[in-house]
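Student: Okay, handing you the structure first.
In the numbering used here, the protein residues as written are -12 to 234.
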């Protein structure tokens, strides 16, 4: 862990910095949005909820993709304020709520056709509570689509190294031990920390919450990300999936 808990950085503290990072162009975020849009079902007329929406990058993309209505929810009031600023500048009919993903207060049972969560599940300390809330607000047969940093290749302490032939690879030494950790990079997103969990934990929790796996994706890097971090051309930076709420 980088620094003491008293010095720990939080999402509200870096909200403005994070928004600037995304606005300037971020290969990982661009790939995450493209992956989300590829996995969601037909959005025409759909009631969509974007959980842990941050400053609304994916939320706006979902609205532009033709959703009937879109709501963005995030625990950080600072992030929601930024998202609302974008809505004022370019009205897309998006409603934003300051709401904890573990409860999704303010959202009714079976009130959504599609729920998405882009790069947010790793930030939520209680995964079972969050996925139970997702299942609660989804109508039976509704879809939940998520994108997370790939647990296998973004595990704590993972590093990009050179192979014997000079190509890039990821070195993983501590995958199985689940825990909260912070990146030591003082200019990185993960200095706020995230919860490392195994793929098995994610899949088993989805199942326990009544969500059935339909489709899994591990997208290769393209565009900006492939240029900036070529290791992710052959090793996936993200794990994504579409699930369905069982009746």
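C-beta: ideal position from N, C-alpha, C; glycine also.
Quick one: which unbroken alpha helix (DSSP H) runs of 4-plus residues sit fully inside the stretch 87 to 132? Chain order, please.
Tutor: 114 to 124
Student: Which stretch, first to last residue, makes up the beta strand (DSSP E) that contains residue 183?
Tutor: As a first step, residue 183 must be located in the chain shown, where it is residue number 196. From DSSP, the beta strand (DSSP E) with residue 183 extends over 181 to 183.
Student: Taking the alpha helix (DSSP H) that residue 143 falls in, what are its first and last residues?
Tutor: Taking the first residue of the chain shown as 1, we reach residue 143 at position 156. Element bounds for residue 143: n/a, residue is neither H nor E.
Student: For residue 69 versus residue 61, is the C-beta distance shorter than 7 Å?
Tutor: As a working mapping, residue 69 is identified with position 82 in the chain shown. As a working mapping, residue 61 is identified with position 74 in the chain shown. No.
Student: Would you report the Cα separation of residue 33 and residue 20, rounded to the nearest angstrom?
Tutor: Numbered from its first residue, the chain shown carries residue 33 at position 46. Numbered from its first residue, the chain shown carries residue 20 at position 33. Here the C-alpha atom of residue 33 lies approximately 18 Å from the C-alpha atom of residue 20.
Student: On the premise that residue 59 lies in contact with residue 88, defined as a C-beta separation below 8 Å, what is that separation, rounded to the nearest angstrom?
Tutor: Stepping through the chain shown from its first residue, residue 88 is reached at position 101. Stepping through the chain shown from its first residue, residue 59 is reached at position 72. Not really, about 12 Å apart at Cβ, beyond 8 Å.
Student: Counting C-beta neighbours from all protein chains within 10 Å, is the total for residue 103 16 or more, i.e. buried, or is it exposed?
Tutor: In the chain shown, counting from the first residue as 1, residue 103 sits at position 116. Residue 103 should be labelled buried.
Student: Would you mind working out which of 50, 44 and 42 sits nearest residue 35, comparing C-alpha positions?
Tutor: Looking up residue 35 in the chain shown gives position 48. Checking every option, the nearest Cα to that of residue 35 belongs to 50.
Student: Would DSSP call residue 38 helix, strand or coil?
Tutor: Looking up residue 38 in the chain shown gives position 51. In the structure shown, residue 38 sits in a strand (DSSP, three-state: E or B).
Student: Check residue 59 in the structure and name its three-state DSSP category.
Tutor: Residue 59 sits at position 72 when you count from the first residue of the chain shown. Strand at residue 59.
Student: By the three-class DSSP mapping on this structure, what secondary structure does residue 81 have?
Tutor: If you number the chain shown from 1, residue 81 lands on position 94. DSSP places residue 81 in strand when its eight states are reduced to three.
Student: For residue 166, I'd like the list of residues in its chain whose CB is within less than 8 Å of its CB, leaving aside the five on either flank, ordered along the chain.
Tutor: Position 179 of the chain shown, counting from 1, holds the residue named residue 166. Around residue 166: 143, 182 and 183.
Student: Could you check what DSSP says for residue 227 in three-state terms: helix, strand or coil?
Tutor: On the chain shown, residue 227 is found 240 positions in, with the first residue counted as 1. Note: residue 227 maps to strand in three-state DSSP.
Student: According to DSSP, is residue 233 part of a helix, a strand, or is it coil?
Tutor: Your numbering for residue 233 matches position 246 in the chain shown. If DSSP states are grouped into helix, strand and coil, residue 233 belongs with coil.
Student: How would you write the range of the alpha helix (DSSP H) that residue 214 sits in, first residue to last?
Tutor: Stepping through the chain shown from its first residue, residue 214 is reached at position 227. Boundaries of the alpha helix (DSSP H) harbouring residue 214: 210 to 215, taken from the DSSP string.
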